[in-house]
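Report on the following structure.
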């Protein structure tokens with residue numbers, strides 16, 4: 002790891018849309034703390050365009066070559082999901098930390114490979130779950146943890162987005178092998194991660210899923226009911242069929258309702274608190290959202306990741322903290338595709354859904370080759 006008076010050396014692998022729109026601005030926002038030293042992409046023209054935009058010259062088409070030549074402290078993994086686990090293993094094996102786009106991998110089996118690579122290397126892999134890290138979410142989490150809003154009772158978690166058929170013309174989208182799953186895995190995972198951040202551990206999931214309108218292997222919509230360890234119940238909707246797009250989270254507690262309405266990211270103004278009748282004014286004043294107003298963003302999470310690197314400690318949204326979200330996703334698929342409720346304790350290596358989110362379920366699993 003670098004000395005405290007040195008900038009952290011970072012590299013980007015996968016220089017498509019998310020690297021340009023979110024990761025590069027995060028790096029540039031922390032230019033006093035980091036130095037972008039390299040970029041990698043299998044497409045030479047794409048990595049060249051990224052390097053020109055970023056103002057660097059070290060573009061590569063091979064990850065291992067870059068790791069050996071540049072020896073970065075941190076690698077941003079922005080490739081399609083099927084590539085993640087092998088690339089993270091390579092990064093960690095080289096002694097670098099990894100910051101990986103969601104979903105971190107396609108299955109719990111792959112996530113446990115990442116955990117093993119962490120243990121072997123001493124480096125860490127953190128997941129981009131940026132909705133945890135806006136100022137309003139952190140304030141709300143602190144209020145809930147302190148019992149300021151009362152006991153959690155009921156929640157709604159909605160990711161209602163729209164992706165036209167043309168969206169799935171990209172070869173890696175819409176298939177189990179390349180993407181891992183549909184909107185439950187690739188879109189709603191952010192809002193579900195925030196739900197878990199606020200409500201804590203879950204116990205049981207009952208779900209349904211449909212392939213209603215898009216020509217895909219996976220689902221294009223799912224619905225779930227979740228029972229949490231603290232007794233709260235939640236409903237979850239994940240869709241890419243919704244022309245009026247919205248991301249919505251509501252938690253009803255014994256003393257307040259908390260609501261978040263946004264689309265792809267929030268500011269403090271997207272959150273509201275409604276007190277139950279009889280809640281004292283001085284108590285409600287403690288609920289006021291803080292200043293400054295830090296939006297949910299890659300930039301906000303990146304700051305905390307860099308602080309963890311300086312301290313040499315496990316970063317946020319890594320390890321068990323990240324795995325719990327993939328566990329919920331896995332249980333949702335298993336319940337939807339088998340028609341029964343699923344408990345967290347079932348998610349073991351002997352379970353077929355541990356190895357593939359379709360679980361080899363008839364009607365959902367990809368056709369097996371007869372060659």
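Residue numbers (the numbering used here): 2 to 372.
We put the beta carbon where it would ideally sit given N, CA and C, even for glycine.
This one's a predicted model, so the numbers in the text were calculated from it and none came from an experiment.
Of the listed residues the options, nearest to residue i (C-alpha basis)
i           : options               : result
residue 252 : 318, 212, 236 and 188 : 236
residue 267 : 183, 16, 96 and 132   : 132
residue 68  : 52, 96 and 112        : 96
residue 86  : 112, 63 and 10        : 112
residue 273 : 123, 62, 141 and 9    : 141
residue 303 : 123, 50, 138 and 27   : 27
residue 57  : 38, 79 and 63         : 38
residue 403 : 322, 229, 281 and 368 : A query on residue 403 cannot be resolved here, the shown segment of the chain reaching from 2 to 372 and no further.
residue 338 : 360, 322, 311 and 18  : 360
residue 66  : 88, 81 and 51         : 88
residue 194 : 225, 289 and 323      : 323
residue 199 : 162, 81, 208 and 254  : 254
residue 356 : 107, 163, 340 and 208 : 107
residue 163 : 277, 352, 321 and 215 : 215
For residue j and residue i, the rounded distance between their alpha carbons
i           : j           : result
residue 114 : residue 55  : 32 angstroms
residue 221 : residue 213 : 7 angstroms
residue 240 : residue 70  : 43 angstroms
residue 210 : residue 9   : 43 angstroms
residue 181 : residue 126 : 19 angstroms
residue 354 : residue 173 : 21 angstroms
residue 23  : residue 299 : 6 angstroms
residue 358 : residue 335 : 7 angstroms
residue 365 : residue 234 : 28 angstroms
residue 72  : residue 7   : 15 angstroms
residue 201 : residue 275 : 21 angstroms
residue 35  : residue 362 : 46 angstroms
residue 33  : residue 307 : 11 angstroms
residue 167 : residue 18  : 16 angstroms
residue 50  : residue 281 : 57 angstroms
residue 367 : residue 350 : 21 angstroms
residue 293 : residue 31  : 17 angstroms
residue 25  : residue 53  : 12 angstroms
Pair within 9 angstroms by beta-carbon distance, residue i and residue j
i           : j           : result
residue 60  : residue 76  : no
residue 151 : residue 256 : yes
residue 146 : residue 250 : no
residue 238 : residue 331 : no
residue 348 : residue 109 : yes
residue 13  : residue 43  : no
residue 291 : residue 136 : yes
residue 117 : residue 178 : no
residue 102 : residue 128 : yes
residue 326 : residue 169 : no
residue 99  : residue 124 : yes
residue 104 : residue 187 : yes
residue 342 : residue 134 : no
residue 217 : residue 243 : no
residue 192 : residue 158 : yes
residue 295 : residue 197 : no
residue 310 : residue 317 : no
Per-residue burial, residue i [other beta carbons within 10 Å of its own, 16 or more giving buried]
i           : result
residue 189 : buried
residue 74  : buried
residue 261 : buried
residue 314 : exposed
residue 264 : exposed
residue 346 : exposed
residue 1   : This structure cannot speak to residue 1, because the chain is shown only from 2 to 372.
residue 219 : buried
residue 153 : buried
residue 301 : buried
residue 165 : exposed
residue 245 : exposed
residue 247 : exposed
residue 270 : exposed
residue 371 : Confidence at residue 371 is low in this model, with a pLDDT of 43, below 50, so the placement of that residue should be treated as unreliable; the coordinate-derived value is given next. Exposed, by the Cβ-count rule.
residue 286 : exposed
residue 138 : buried
residue 171 : exposed
residue 185 : buried
residue 279 : exposed
residue 1   : The requested residue 1 is not part of the displayed model; the chain covers only 2 to 372.
residue 232 : exposed
residue 62  : exposed
residue 289 : exposed
residue 20  : buried
Anticipated Cβ contact below 8 angstroms, residue i with residue j, distance rounded
i           : j           : result
residue 259 : residue 227 : Contact flag wrong, Cβ pair sits at about 17 angstroms.
residue 223 : residue 93  : Rounded, the Cβ-Cβ distance is 32 angstroms, inconsistent with contact.
residue 15  : residue 79  : 4 angstroms
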